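Asker:
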Amino acid sequence: MINILRYEKNMEKDGITQEAQEKLFNSRVLVMGAGGLGSGVIMNLAALGVGQIKIIDGDIVEESNLNRQIIHKYKNIGRAKVISAKDWVQEFNPDVKVELDKIKINELNYFNIIQGYDIIVDCFDSYEDKYMLNEIAVRHKKVLIHGAIQGFRGQVTTIVPVKTGCLSCVMQKPRNFDKENYASISPVVNTISSLQALEAMKVITGEGEPLLNKILIFDGLKSEFKVLNYAKNIACEVCSVNEI
Ligand SMILES: [Zn+2]
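Here our numbering is used: the first residue of the sequence shown is 325, the next is one more, and so on.
#1: Use the C-beta contact count for residue 501: other C-beta atoms within 10 angstroms, 16 or more gives buried, fewer gives exposed.
#2: Could you name the residues of the same chain whose beta carbon sits closer than 6 Å to that of residue 511, not counting the 5 residues immediately before and after it, in chain order?
#3: Beta strand (DSSP E) containing residue 376: first to last residue?
#4: What span of residues does the alpha helix (DSSP H) with residue 411 cover, start to end?
#5: What whole-angstrom Cβ distance do residue 516 and residue 483 have, given they're in contact under 8 Å?
#6: If you draw a straight line from the C-alpha of residue 489 to the C-alpha of residue 537, how long is it?
#7: Bridge partners for residue 471 per DSSP, in chain order?
#8: Could you please give me the residues that DSSP links to residue 550 through a beta bridge?
#9: Are the region 388-407 and the region 442-449 in contact at 8 Å, needing three or more beta carbon pairs?
#10: Decide if the region 379-399 is in contact with the region 344-360; the criterion is three or more beta carbon pairs, one per stretch, under 8 Å apart.
#11: Can you name, in chain order, every residue of its own chain whose Cβ lies under 6 Å from the Cβ of residue 507, other than the five neighbours on each side?
#12: Give the range of the alpha helix (DSSP H) segment to which residue 332 is assigned.
#13: Residue 302 by DSSP, collapsed to three states: which one?
#14: Do residue 557 and ligand 1 come close, with the Cβ less than 7 Å from some heavy atom?
#15: Which same chain residues end up closer than 7 Å to residue 327 when comparing Cβ atoms and leaving out the 5 residues on each side of it in sequence?
#16: Determine, using beta carbons only, whether residue 405 and residue 422 come nearer to each other than 8 Å.
#17: Mapping the DSSP letters down to three states, classify residue 344 as helix, strand or coil.
#18: Note down, in chain order, each residue of its chain lying with its Cβ closer than 8 Å to the Cβ of residue 555, except the 5 sequence neighbours on either side.
#19: DSSP on residue 390, reduced to helix/strand/coil?
#20: Would you mind giving the Cβ-Cβ distance between residue 458 and residue 491, rounded to the nearest angstrom? I have them listed as a contact below 8 Å.
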């Protein structure tokens, strides 16, 4: 049973139905990364009332994270990000069950981590990891909510295997990844993470229109949002091979 009082503002005029709120409570979302994007995604999912969140991250909290990774407190510098994030969720909303794993995922260790979760939110910061996660999601038919930021710009899209194109359809995987350290600015990061959480909510509840075969591009300096359409690439090395 959901705590009606806690979520009543979700269900008032122009909000979601009680049935949708119950769907959120019965849902399980896997958040890959508890850094900048992960902070906002986890906080928003906990506020929305998602019943179970699994957090994966291999890093510890460092002082230089705190300009944008707003789930982590100063006192948690040196602690595992997954523990720090779990502590925040449990203090904020004890209704939410949190699973965690302090691990950096790779092609050899991911399998057990994704079991039982049908929605994965990509909160990784490197494109190398994002393309790996895209391949895993397509292979195992998991919905993948992609988000990325670079300085003042960011983007979001929702990838539903079979139904939509994948990250490699949107942007072909580069041969060499850009190793430049781009700025990560809190309001930009947290705009994108909020949009990712909103995508998860729409997928779970069936309300609204997720960004399927559409990518939302945000330019924080110009305060502009653009939505571009994309299509599944029938020659895509990831989704055209995996989905036959
Ligand atoms: Zn593809």
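In this text, a Cβ means the ideal position worked out from N, Cα and C, and glycines have one as well.
Remember, it's a predicted structure, so these values are computed and weren't measured experimentally.
Answerer: Concretely, from the data shown:
#1: exposed
#2: none
#3: First-last of the beta strand (DSSP E) with residue 376: 376-380.
#4: For residue 411, the uninterrupted alpha helix (DSSP H) segment begins and ends at 405-416.
#5: In fact, because the Cβ distance is near 15 Å, the residues do not count as touching under 8 Å.
#6: 6 Å
#7: Beta-bridge annotation (DSSP): residue 471 is paired with 480.
#8: 541
#9: Contact fails between the region 388-407 and the region 442-449, because fewer than three Cβ pairs, one in each stretch, are under 8 Å apart.
#10: yes
#11: 475
#12: Per DSSP, residue 332 belongs to no alpha helix (DSSP H) and is neither H nor E.
#13: Since the first residue of the chain shown is 325 and the last is 568, residue 302 is not available in this structure.
#14: yes
#15: Contacts found: 419.
#16: no
#17: Three-state DSSP puts residue 344 in a helix.
#18: 489, 493, 537
#19: Judged by DSSP in its simplified three-state form, residue 390 adopts coil rather than helix or strand.
#20: 4 Å
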